[in-house]
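Following: one structure in structure tokens, then a few remarks.
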Amino acid sequence: MARPGQTSRGQLHVGRYLGVLAAIFAILYSTVIFAGSGSSWLKPKLGLDLQGGAQVILTPEAEGGKKPNPAQLAAAVDILRQRVNGAGVSEAEVVIEGDQIVVQVPGGNRESIATVTKAAQLQFRRVVELQGVQQPVTTPTSTTTVVPRASPAVGTPKPTATTNKRPISSGLLAATPSPTPTLTPSPTAATAPDDADLVLSGAVYTPANFAALDCTNPKVRAGGATDLPKQEIVACDRDGSAKYRLAVAKVVGEDVKGANVGVDQATGVEVQVNLQFKGSGQDKWTKLTEEAFNQPPPTDQVAIVLDGVVISAPSIKSVINGDAQITGGFTRKQGQELANNLKFGALPLSFEAGDAEVVSASLGEDQLRSGLLAGGIGLIAVVLYSLLYYRALGLVTIASLLVSAGLVYGSIVVLGDQIGFALSLAGIAGLIVSVGITADSFVVFFERLKDEIKEGRTPRSAVDRAWVRARRTILSADTVSLLAAVILYFVSVGGVRGFAFTLGLSTLLDVVVVFLFTRPLLTWLSRFRWFSHSRLTGFYGPDGGEPSGTAPRKTLVPTTVQEA
Amino acid sequence: MPETLQKRPGLVNRLYHGNTTFPLIKARKRFYAASLILVLIAAGSMIFRGFNVGVEFKGGDIFSVSAPSNVDIKESRAFVESLGVQEAIVQTVKTSGGDTKLRIETEPLSADQGNKVVAALAKKFGVDAATIDSKSVGATWGDQVTKKALQGLLVFLIAVVIYISIRFEPKMAAAAIIALIHDLVLAAGVYSLTYFVVTPSTVIALLTVLGYSLYDTIVVFDKVEENTRAIEKQSTQTYSEAAELAVNQTFMRSINTSLIALLPVSGLLFVGAFLLGAGTLKDLALALFVGLGSGAYSSLFLATPLLADLKEREPRFKALHQRVIDRRTKGGAAPVRLSQRSSYATPVVAEVASTETAAPAAGPATVVRRPAPQPKRKKGGRPSGKAGKRKR
């Protein structure tokens, strides 16, 4: 078009928009490139239904069918995480979604679900026999001790801190190998017995079981079926550095009132875990400490067993008839972990497995392929329709869809890396549905444009006018669509969330694309002569012929546009 | 295209050029009746026939194992029941890779029972137990999902009413919500009538339909609002007529909106139904497909006429209606037929050939008039139908 002045001014305009878009792309994709590594590099994180694995949605229930409070929920998540990770799965995820807890174990199977869903069993058992297990790297361990909480309890003066300022090796173990004469290497390392024959931590005590218990095997350490309060058991501690023969459970989780982490009042630095008992539990606990107090090691230790695994085995330094404090050179984090474990064990929290699913790797692949195929078909259909209906302008639609696809893909990769968003089959469905929403913004814009041109405007002036009006409609409609996605996200769980998430994400990005790409692109294209050819655009002027501005103009069309 | 000036263009052509003159509001009673009948059928089916609810709602276990393509379903069912499982539903499904899978649906099983079934199936079909897919749903899970969906629905409806009331006006919100419920009932009714399995994915899809149905309605209402913004300043057009003009102006846009939304969904439906057998995609797609179709219909044929009916009750629009009637009788002019003209905020009365049957005579070239060459007239000028009228 021969209007140099305006062109140069307008070009600046267009360039600015496209520049912002290019900047967004640059930032997004530099994040994509630096995010992730290895096989997940440049790829979105896939949900379990697409890569195979086990997923279970748990509804935690407190005593009497009540909803657990947030603190209880957090403690439960901690434990569940330890459970799945203890089973040797490193990438397992445990997240809270509304009232539910969703556990995902990539590559998991039915066993992983069973591990997760069992109820917590917290027991306090006296140690009968203790064996240190020779580890490749032996780190010094320290004694954990239990002392009564500073209280005016008669006859139980608070003992001074015991010999335990050394750092403990890891976790919360409480092995005291030094004075034990039975320090022997684990005998069973040579053969790899069948899984079914493994003696798991928490099994009934027999001399044979004790000998066979291989605490170096993470599977063994994950614990097994363990509700045997009336029997002696064999157990490993959590990092596998010691194995125990434990007496019957005298105190159980129900006896525990609560636990919290604090700092030793006397020293002011040492982290300690405070443990409170309920009325009847208190008596049981006092009796247990009476039995253990002043016994030769290791029988002065009381093992705290959670799910068949020893999480701590402090030695009893006095008869405790009040709250107890456990010290042992913990870091704050270790102390918190122990307190959470105790709390959780004390929590009469049960899990109901609402929806448990095991997807084999081949089904995952199959679903991914189908999702992509469905998306491909949908996309091609939209592209063909756009070309048919809007002719050359269909290319604008296609270009916009491509830009949109680039933004959505980059965002999903980045979100997968940053907030762990995993693309599920429902998520892909959300993306496919959003193709419609994205393309529809162009429909609204183009139809407006068509109207304006039919009314007698030149394509150039029509683009700006149509945009002002289309913008309103697009924003209103996208708002409702976003509203639906957000609400859907907050009331749903599992796969549904994925659907809502991708739908909302693409709706937002649709606004970005329309504002920063489609509109500037059309403005720019409207400067070309071909834009005025009806055959190419499908836009007709007022008399059904070519748009105004192409033929000699008989009438001037008023362009008094005032739009809010 | 000069030939269009000579003969009246066909329907497709008029649609394409946005020159339709469907008397959507005049015929509204017919649409109301049609919608009412459909809603009653759907509701009746939901009450008397109910839904075919999936395992996710009633609880149960599903196992899926690769099997030879000629697997004997009856024999497989007997085999599963020999494991102590009652009422197993056994069917074969195809994977996208063309393999056959045996899908076994059972009552809720304990974890041990489930493990037993998996082990037995692995042995029978000679596959690794790790390749068997399973799903286990607790009996109360479905209730929770349903409860959440209903909660979501309620929150959404409230949010939408507030949004539309602020962005447009309360009456539009009312009309939009009625159209929305209409779409929901129809989509749910199709599930009841066809007895397709209802899963949580179906529920999601229904909730998504809400968004779409409103999206579509808002596109139309946006135009109605524009056309009626200054409507009280003239007396040539009633609210209903302005709304009808808006519907006709956005007719193609609305169809395009729905078509373009339907196209990707039909891709989902195709792959879900024909290539995957049972699955998330199919569950989503049918509800979306029905809901979108119904949404397109309701925003044009239900929401806008309803809105017009609601608005015509307002005293100011009653007065306007009276003014328009008076003017037409006084001037002896025939009732102004709606003409198609793409004008915004300035509904313009164009040349009228006759009353209801005007359409055949009037091609786009004669019906559509640009107001520009006309001298600007003051309000209440000569009540001739020939007068183009501008406001503002």
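As given, the protein sequences belong to chains F and H, one line each in that order.
With the working numbering applied, the first sequence covers 1 to 564.
With the working numbering applied, the second sequence covers 1001 to 1392.
Ideal placement from N, C-alpha and C gives every residue a C-beta, glycine not left out.
- prompt: Is it a yes or a no for the segment 1243–1259 of chain H touching the segment 1217–1227 of chain H, going by three-plus beta-carbon pairs under 8 Å?
  reply: With the cut-off at 8 Å, the segment 1243–1259 of chain H and the segment 1217–1227 of chain H touch.
field: Backbone secondary structure at Arg-125 (chain F) - three-state DSSP
entry: Assigned with DSSP and collapsed to three states, Arg-125 (chain F) falls in strand.
field: Residue(s) in a DSSP beta bridge with Ala-353 (chain F)
entry: Answer is F:Leu-58, bridged to Ala-353 (chain F).
- request: Could you spell out where the beta strand (DSSP E) holding Tyr-244 (chain F) opens and where it closes?
  value: 242–252 is the span of the beta strand (DSSP E), which, as asked, contains Tyr-244 (chain F).
task: Taking only the alpha-carbon atoms, compute the straight-line gap between Ser-424 (chain F) and Ala-477 (chain F) and give it to the nearest angstrom.
output: Cα to Cα, the separation comes out at about 26 Å.
task: Report yes or no: do the segment 1258–1266 of chain H and the segment 439–459 of chain F share at least 3 C-beta pairs separated by less than 8 Å?
output: As far as the Cβ criterion goes, the segment 1258–1266 of chain H touches the segment 439–459 of chain F, which means the pair count is three or higher.
task: Going by CA-CA distance only, name the one from F:Val-105, F:Lys-45, F:Asp-264 that's closest to Glu-357 (chain F).
output: The shortest C-alpha to C-alpha distance from Glu-357 (chain F) to any of F:Val-105, F:Lys-45, F:Asp-264 is the one to F:Val-105.
query: Expressed to the nearest angstrom, what Euclidean distance is found between the alpha-carbon atoms of Asp-1099 (chain H) and Val-1118 (chain H)?
result: C-alpha separation (whole angstroms): 19 Å.
message: Cutting at 6 Å between CB atoms, please list the residues of its own chain near Ala-1149 (chain H), excluding the five before and the five after it.
response: Closer than 6 Å at Cβ, skipping near neighbours: Val-1203.
- request: Pull up the CB-CB distance for Val-1185 (chain H) and Val-480 (chain F), whole angstroms please, since I reckon it's below 8 Å.
  value: Rounded, the Cβ-Cβ distance is 20 Å, inconsistent with contact.
- prompt: Does Phe-499 (chain F) come within less than 7 Å of chain H when only Cβ atoms are used?
  reply: Answer yes: the Cβ-Cβ gap between Phe-499 (chain F) and chain H drops below 7 Å somewhere.
- prompt: What is the DSSP secondary structure of Val-1117 (chain H), reduced to helix, strand or coil?
  reply: Three-state result, Val-1117 (chain H): helix.
- prompt: For Asp-1061 (chain H), does the three-state DSSP call read helix, strand or coil?
  reply: It is a strand residue.
- prompt: For Lys-1171 (chain H) and chain F, any beta-carbon pair shorter than 7 Å?
  reply: Output row for Lys-1171 (chain H): interface = no.
task: Would you kindly work out how many angstroms separate the C-alpha atoms of Tyr-1215 (chain H) and Gln-272 (chain F), rounded to a whole number?
output: The straight-line gap from Cα to Cα measures roughly 58 Å.
task: Verify whether the separation of the beta carbon atoms of Gly-1152 (chain H) and Val-491 (chain F) is less than 7 Å.
output: Against a cut-off of 7 Å, the Cβ pair of Val-491 (chain F) and Gly-1152 (chain H) comes out as a contact.
- prompt: Does DSSP put Asn-260 (chain F) in a helix, a strand or coil?
  reply: For Asn-260 (chain F), the three-state secondary structure derived from DSSP is strand.
- prompt: Can the beta-carbon of Asn-109 (chain F) be found closer than 7 Å to that of Ala-23 (chain F)?
  reply: In this structure, Asn-109 (chain F) sits away from Ala-23 (chain F), with a CB-CB distance that is not shorter than 7 Å.
- request: State whether the segment 1188–1199 of chain H contacts the segment 1052–1060 of chain H, with contact taken as three or more CB pairs (one from each stretch) at a distance under 8 Å.
  value: With three or more CB-CB distances shorter than 8 Å, the segment 1188–1199 of chain H counts as touching the segment 1052–1060 of chain H.
task: Would you list the one or two residues that DSSP bridges to Cys-236 (chain F)?
output: Looking at the DSSP assignment, Cys-236 (chain F) forms a beta bridge with F:Lys-243, F:Val-309.
field: Assigned exposure category for His-1182 (chain H) - 16 Cβ within 10 Å defines buried
entry: Classification for His-1182 (chain H): buried.
- prompt: Can you name the start and end residues of the alpha helix (DSSP H) that Leu-1102 (chain H) belongs to?
  reply: First-last for Leu-1102 (chain H): 1100–1106, but that is the beta strand (DSSP E), not the alpha helix (DSSP H).
field: C-alpha gap between Glu-254 (chain F) and Gly-416 (chain F), whole angstroms
entry: Within the model, the alpha-carbon separation for Glu-254 (chain F) versus Gly-416 (chain F) is close to 40 Å.
message: Counting only Cβ pairs nearer than 7 Å, list the residues of chain F close to Arg-1167 (chain H).
response: Against chain F, the beta carbon of Arg-1167 (chain H) has neighbours under 7 Å at Ser-476, listed in chain order.
query: Taking C-beta to C-beta, are Ala-1187 (chain H) and Ala-1034 (chain H) nearer than 7 Å?
result: No; because the gap between Cβ atoms is not below 7 Å, this pair is not in contact.
Residues of the segment 1281–1298 of chain H with Cβ closer than 9 Å to any Cβ of chain F, in chain order: Result list: Leu-1281, Leu-1284, Ala-1285, Leu-1288, Leu-1292.
Gln-295 (chain F) (DSSP reduced to helix, strand or coil): The DSSP-derived three-state label of Gln-295 (chain F) is coil.
7 Å Cβ cutoff, Thr-473 (chain F) in contact with chain H: Yes, Thr-473 (chain F) lies at the interface with chain H (some Cβ there is under 7 Å from its Cβ).
query: Skipping 5 residues on each side, what residues in its chain have a beta carbon closer than 7 Å to that of Thr-397 (chain F)?
result: Cβ within range, chain order: Ser-386, Tyr-390, Ala-439, Phe-442.
query: Taking 7 Å as the CB-CB cut-off, is Leu-1015 (chain H) touching chain F?
result: No, Leu-1015 (chain H) does not count as interfacial toward chain F.
- prompt: What first and last residue would you give for the alpha helix (DSSP H) that runs through Gln-1151 (chain H)?
  reply: Element bounds for Gln-1151 (chain H): 1141–1167.
- prompt: How far does the alpha helix (DSSP H) with Gln-1086 (chain H) in it reach, from first residue to last?
  reply: Element bounds for Gln-1086 (chain H): n/a, residue is neither H nor E.
message: Taking the alpha carbon of Tyr-489 (chain F) as the reference point, which residue from F:Gly-430, F:Asp-510, F:Gly-541 has its own alpha carbon closest?
response: Closest in C-alpha terms to Tyr-489 (chain F), from the list F:Gly-430, F:Asp-510, F:Gly-541, comes F:Gly-430.
message: Counting only Cβ pairs nearer than 7 Å, list the residues of chain H close to Ala-565 (chain F).
response: Nothing about residue 565 (chain F) can be reported from this structure: the residues present for chain F run from 1 to 564 only.
field: C-alpha gap between Leu-1038 (chain H) and Ser-404 (chain F), whole angstroms
entry: The alpha-carbon atoms of Leu-1038 (chain H) and Ser-404 (chain F) are separated by roughly 38 Å.
task: At 7 Å on the CB atoms, spell out the chain F contacts of Gly-1084 (chain H), in chain order.
output: Those within 7 Å of Gly-1084 (chain H) in chain F number zero; the least Cβ separation is about 18 Å.
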